[in-house]
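K.L.:
Here it is, the structure, as structure tokens.
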């Protein structure tokens, strides 16, 4: 297992500042995912950690041992960092069998034939492809080839495993299966894993922690649930979540220890325990509510639990869930523009266009952001075992 520390890492390609003062600690045994859109710097960070790229500034330590020190122009060789890298392209030798591909790195280490055989069989069985030892890569499916590449990486028992978008070439079903295998593998081996992806579903389902990248900067480092429930700014909130988060404009005012926030869903009060440490403007100021699609339930009849009234704009049944776009009035003025919300309801449900509905919600689940700074000022509070 390994602990990795990146300190003030800067990386340039010509005038392009790809990594801008990256500071990140990856704890021993973490499944750390580097997440972000294309071109944000996540793969470059992985290549710096692996030794395939050298930064112009900064330090990197593995288990408190210096591997990169730009001040002294010291960059340890990749082979001395105790890691294995799994690429997006499987990089299997086409003329070698599955057994020979997995055994290749072990033979370079000059292990005995018995030890090589033991490790190869063990790693293939962990990836549930033990019966394919005599096959060649072109006789395997994409998912099976990916399992071989991962088996090869874990056969040498690395303390650090790096994976660069390894599932991006697989179809949707295989991606789900491989996510389960990788999560199980991490639990069994306890190896520190650094995983690069632009797919937030992969990040949210597998990671112990996520580092969210935006334009060469690390925007937030948090657990998957904390990142999803309480993104620190509007940019992060907009990136995380599928379906997308809803943004409703409103106003807010802090009086004493009570923050009163208003939007088309109503007026809500929050106490100091619900607020972040971000500075809150004086007087009334514009705010933005962040509301996840699953945080609002649709009622077809008005009850005591019902909140505001709304109308159905469109429904999208999708089997296990139904997406519903609804419109709410922004205030009592009939001339006021309508707000639009995308809601997710579990199960197959059918709604008519322009159907009148009522919305059930718990205001403590909502995020509130300061519109001017974009920063989160009110946290979402939710018990992980509590349903809507």
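Numbering (this note's numbering), first residue to last: 544 to 931. Each residue gets a CB set at the ideal place from its N, CA and C atoms; glycine is no exception.
According to DSSP, simplified to helix, strand and coil, what is residue 557?
P.N.:
Coil.
K.L.:
Taking 8 Å as the cut-off, does the segment 663 to 678 touch the segment 592 to 604 (at least 3 CB pairs, one atom from each stretch)?
P.N.:
Cβ pair count under 8 Å is below three, so no.
K.L.:
Taking contact to mean at least 3 C-beta pairs separated by less than 8 Å, is the segment 818 to 830 in contact with the segment 858 to 873?
P.N.:
With a cut-off of 8 Å, the segment 858 to 873 and the segment 818 to 830 do not count as touching, because too few Cβ pairs lie within range.
K.L.:
Over what stretch of residues does the beta strand (DSSP E) that includes residue 611 continue unbroken?
P.N.:
From DSSP, the beta strand (DSSP E) with residue 611 extends over 608 to 612.
K.L.:
DSSP state of residue 848, grouped into three classes?
P.N.:
Residue 848 falls in the coil class under three-state DSSP.
K.L.:
Determine the burial state of residue 879: buried for a count of at least 16 other Cβ atoms within 10 Å of its Cβ, exposed for fewer.
P.N.:
At residue 879 the pLDDT is 49, less than 50, meaning the model places this residue with poor confidence; the figure from the coordinates comes in the next sentence. Residue 879 comes out exposed.
K.L.:
Would you mind working out which of 805, 835, 649 and 653 sits nearest residue 872, comparing C-alpha positions?
P.N.:
Nearest of 805, 835, 649 and 653 to residue 872, Cα basis: 805.
K.L.:
With H, G and I counted as helix, E and B as strand and the rest as coil, what does DSSP make of residue 592?
P.N.:
Of the three classes helix, strand and coil, the one that applies to residue 592 here is helix, per DSSP.
K.L.:
Spell out a yes or no on whether the segment 607 to 623 and the segment 561 to 577 are touching, meaning 3 or more CB-CB pairs, one atom from each, closer than 8 Å.
P.N.:
With the cut-off at 8 Å, the segment 607 to 623 and the segment 561 to 577 do not touch.
K.L.:
Where do the ends of the alpha helix (DSSP H) carrying residue 717 lie?
P.N.:
Run containing residue 717: 715 to 732, per the alpha helix (DSSP H) assignment.
K.L.:
Can you pull the DSSP bridge partners for residue 706?
P.N.:
DSSP, once it has assigned bridges, lists 629 and 738 as partnering residue 706.
K.L.:
How close, in whole Å, do the beta carbons of residue 778 and residue 757 come, if the pair is a contact with beta carbons under 8 Å?
P.N.:
Confirmed, Cβ separation roughly 6 Å.
K.L.:
Beta carbon of residue 717, beta carbon of residue 686: below 8 Å?
P.N.:
In this structure, residue 686 lies closer than 8 Å to residue 717 by Cβ.
K.L.:
Counting Cβ pairs, one atom from each stretch, are 3 or more of them under 8 Å apart for the segment 630 to 638 and the segment 612 to 619?
P.N.:
Because the criterion of three Cβ pairs below 8 Å is not met, the segment 630 to 638 and the segment 612 to 619 do not touch.
K.L.:
Would you call the segment 808 to 817 and the segment 894 to 909 touching, i.e. three or more CB-CB distances under 8 Å?
P.N.:
Judged by Cβ distances under 8 Å, the segment 808 to 817 makes contact with the segment 894 to 909, as three or more pairs qualify.
K.L.:
Smallest Cα separation from residue 500: which of 550, 827, 582 and 646?
P.N.:
Outside the shown range of the chain (544 to 931) lies residue 500, about which nothing can therefore be said.
K.L.:
Name the two residues that bound the continuous beta strand (DSSP E) containing residue 574.
P.N.:
From DSSP, the beta strand (DSSP E) with residue 574 extends over 574 to 578.
K.L.:
With DSSP collapsed to three states, give me the class of residue 667.
P.N.:
If DSSP states are grouped into helix, strand and coil, residue 667 belongs with the helices.
K.L.:
Take residue 642 as the anchor and find which of 665, 627 and 545 has the nearest alpha-carbon.
P.N.:
Comparing Cα positions, the closest option is 665.
K.L.:
By how many angstroms is the C-alpha of residue 588 removed from the C-alpha of residue 582?
P.N.:
If you take the alpha carbons of residue 582 and residue 588, they lie about 11 Å apart.
K.L.:
Just the Cα atoms here: how many angstroms apart are residue 593 and residue 737?
P.N.:
Going from the Cα of residue 593 to the Cα of residue 737 covers about 10 Å.
K.L.:
If contact is defined by three or more beta carbon pairs under 8 Å, each pair taking one atom from either stretch, is the segment 788 to 808 in contact with the segment 830 to 839?
P.N.:
A contact exists between the segment 830 to 839 and the segment 788 to 808.
K.L.:
Would residue 626 and residue 705 qualify as a contact pair, given that the criterion is a beta-carbon distance under 8 Å?
P.N.:
Contact flag set, yes.
K.L.:
Could you give the residue range of the beta strand (DSSP E) that holds residue 834?
P.N.:
Unbroken beta strand (DSSP E) run through residue 834: 828 to 834.
K.L.:
Looking only at C-alpha atoms, which of 912, 605 and 760 sits nearest to residue 817?
P.N.:
If we check each option's Cα against that of residue 817, 912 comes out closest.
K.L.:
Just how far apart, CA to CA, sit residue 584 and residue 845?
P.N.:
So the two alpha carbons sit approximately 50 Å from each other.
K.L.:
Less than 8 Å between C-beta atoms, sequence neighbours within five positions excluded: which residues of the same chain meet that for residue 640?
P.N.:
Excluding positions up to five away in sequence, the list reads 676, 677, 678 and 679.
K.L.:
When the Cα of residue 762 is compared with those of 924, 710, 554 and 919, which residue comes out closest?
P.N.:
Minimum Cα distance to residue 762 is reached at 919.
K.L.:
Let me know the secondary structure DSSP gives residue 784 once reduced to three states.
P.N.:
Three-state DSSP puts residue 784 in coil, outside helix and strand.
K.L.:
Quick check on DSSP: helix, strand or coil for residue 681?
P.N.:
Helix.
K.L.:
Please check if any C-beta of chain D sits within less than 8 Å of the C-beta of residue 668.
P.N.:
No chain D appears in the structure shown, which is made up of a single protein chain.
K.L.:
Can you give the beta carbon distance from residue 591 to residue 554, rounded, assuming they're within the 8 Å contact cut?
P.N.:
So it is a contact: roughly 6 Å between Cβ atoms.
K.L.:
For residue 750, which residues from the same chain have a beta carbon less than 6 Å from its beta carbon, with the 5 sequence-adjacent residues on both sides left out?
P.N.:
Correct list, in chain order: 574, 576 and 767.
K.L.:
Kindly give me the distance between the Cβ atoms of residue 891 and residue 841, rounded to whole angstroms, as I take these residues to be in contact under 8 Å.
P.N.:
Not really, about 13 Å apart at Cβ, beyond 8 Å.
K.L.:
DSSP three-state call for residue 876: helix, strand or coil?
P.N.:
Legend: pLDDT at residue 876 = 46, less than 50; position of this residue unreliable, value from coordinates given subsequently. Three-state result, residue 876: coil.
K.L.:
Compare the C-alpha of residue 658 against each of 671, 700, 834 and 552 and name the closest.
P.N.:
Measuring from the Cα of residue 658, the nearest candidate turns out to be 700.
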